[in-house]
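Accompanying notes for the structure given below.
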Amino acid sequence: SLLQFRRGFDQYVNLRPVRLMPGVKCPLVGKKPGDIDFYVVRENSEGEYSAIGGKAFEGTDREFVLQEAVFTRHGVDRILRYAFEFANQRDAKKITAATKSNGIAVSMPYWDERVDAMAKQY
């Protein structure tokens with residue numbers, strides 16, 4: 087599976103460029119190719135990809151599934167380091183971290199803490 091491939095080759099970076107392309111209509115009026123050029127860097131092997139969980143009472147009214155999200159300091163810090171280094175290589179002045187800390191009360195604030203700690207190194 088794709089997840090086994092990611093783990094087997096330690097493919098922890100999910101990098102997605104965002105650009106305007108010639109000939110493609112875009113709702114960003116007045117912008118042209120080259121005006122928008124940013125990347126989305128996502129952790130690709132932890133969190134919901136941790137494969138901890140299961141299904142119980144299958145086929146009954148009580149059927150449920152459980153999926154745990156596990157983030158390690160090692161995993162969070164290495165993707166943050168990648169993002170900061172990638173930004174530096176592109177002469178970017180900042181990175182933007184997007185979490186759901188208002189609704190996911192433990193793991194997302196942890197990410198925010200790690201972003202703040204890592205930012206002090208850059």
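If you use my numbering, the sequence shown corresponds to residues 87 to 208, in order. Heads up, the beta-carbon is just placed ideally off N, CA and C, and yes, glycines get one too.
Item                                                                                                                                                 : Value
Express the C-alpha separation of PHE95 and VAL151 in angstroms, rounding to a whole number.                                                         : 28 Å
Could you pull the DSSP bridge partners for ILE138 from this structure?                                                                              : GLU154
In its own chain, which residues sit with a C-beta less than 8 Å from the C-beta of GLN97, not counting the 5 before and 5 after it?                 : PHE91, ASN130 and SER131
Would you call the region 177-192 and the region 135-148 touching, i.e. three or more CB-CB distances under 8 Å?                                     : no
Name the DSSP beta bridge partners of PRO119, please?                                                                                                : ILE122
State yes or no: is the C-beta of PHE170 within less than 9 Å of the C-beta of TYR125?                                                               : no
Assuming PHE157 and TYR208 are in contact, meaning their beta carbons sit under 8 Å apart, how far apart are those beta carbons, in whole angstroms? : Not quite, the Cβ-Cβ distance comes to about 21 Å (not below 8 Å), so this is no contact.
Could you check how far apart the C-beta atoms of ARG200 and ASP163 are, in whole angstroms? I think they sit under 8 Å.                             : 6 Å
Which residues share a DSSP beta bridge with LEU101?                                                                                                 : VAL127
Just to confirm, is the Cβ distance from PRO108 to PRO119 under 9 Å?                                                                                 : yes
Can you tell me where the alpha helix (DSSP H) with PHE91 in it begins and where it stops?                                                           : 88-94
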